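Residue numbers (the numbering used here): 25 to 125. Just below is one structure, and these are the notes that go with it.
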């Protein structure tokens, strides 16, 4: 089974209700994305999303953010990662978020 192989399920679409039901039925580790970073690529909107993600991460200890690999966004995220490290906030793989849920 998937769970025996150490696999889990991440739900990226907030409208999707089937994925969580499936994960529950199959006793799979499950976590839902809380943010999409690139709903707009305008610099100010991306910055606002990143600030919200940072705030949520501090309040909840874990937050899941998805994004598409647009070159301009990747450059922005590289700078943001350095800012987070300076604040003691760590980016982690999804597997860590599911495990620590």
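For each residue, glycine too, the CB sits at the ideal point set by N, CA and C. A quick note: this is a predicted structure, and the numbers were derived from the prediction, not measured.
In the DSSP assignment, find the unbroken alpha helix (DSSP H) run with residue 49 in it and report its ends. Along the chain shown, one-based indexing puts residue 49 at 25. 42 to 49 is the extent of the alpha helix (DSSP H) around residue 49.
In the structure shown, what three-state DSSP assignment does residue 61 receive? Within the chain shown, residue 61 is the residue found at index 37, counting from 1. If DSSP states are grouped into helix, strand and coil, residue 61 belongs with coil.
Own chain, CB closer than 8 Å to residue 97, minus 5 neighbours either side, in chain order: Reading the chain shown from its first residue, position 73 is the one you call residue 97. Here the set comprises 61, 62, 65, 70, 91.
Along the alpha helix (DSSP H) that carries residue 76, what are the first and last residues, could you check? The residue you call residue 76 lines up with position 52 of the chain shown. It spans 67 to 84 - the alpha helix (DSSP H) in which residue 76 sits, taken as one unbroken run.
How should residue 74 be labelled, buried or exposed, when 16 other C-beta atoms within 10 angstroms of its C-beta is the threshold for buried? If you number the chain shown from 1, residue 74 lands on position 50. The residue is buried, with at least 16 neighbouring Cβ atoms inside 10 Å.
Assuming residue 35 contacts residue 56 (C-beta within less than 8 Å), just tell me the rounded distance between them. Looking up residue 35 in the chain shown gives position 11. Looking up residue 56 in the chain shown gives position 32. Indeed they touch by this definition, with Cβ atoms about 4 Å apart.
Let me know if residue 27 comes out buried or exposed under the rule of 16 or more other beta-carbons within 10 Å of its beta-carbon. Sequence index remark: in the chain shown, residue 27 carries index 3 (1-based). Label assigned to residue 27: exposed.
Going by beta carbon distance, what residues of the same chain come within less than 7 Å of residue 122, once the five residues before and after it are set aside? The count along the chain shown starts at 1 and reaches residue 122 at position 98. For residue 122, where only same-chain residues beyond five positions count, the Cβ hits under 7 Å are 32, 53, 55.
Beta-ladder partner(s) of residue 54, from DSSP: Against the chain shown, residue 54 aligns to sequence position 30. Note: residue 54 sits in a beta bridge opposite 33.
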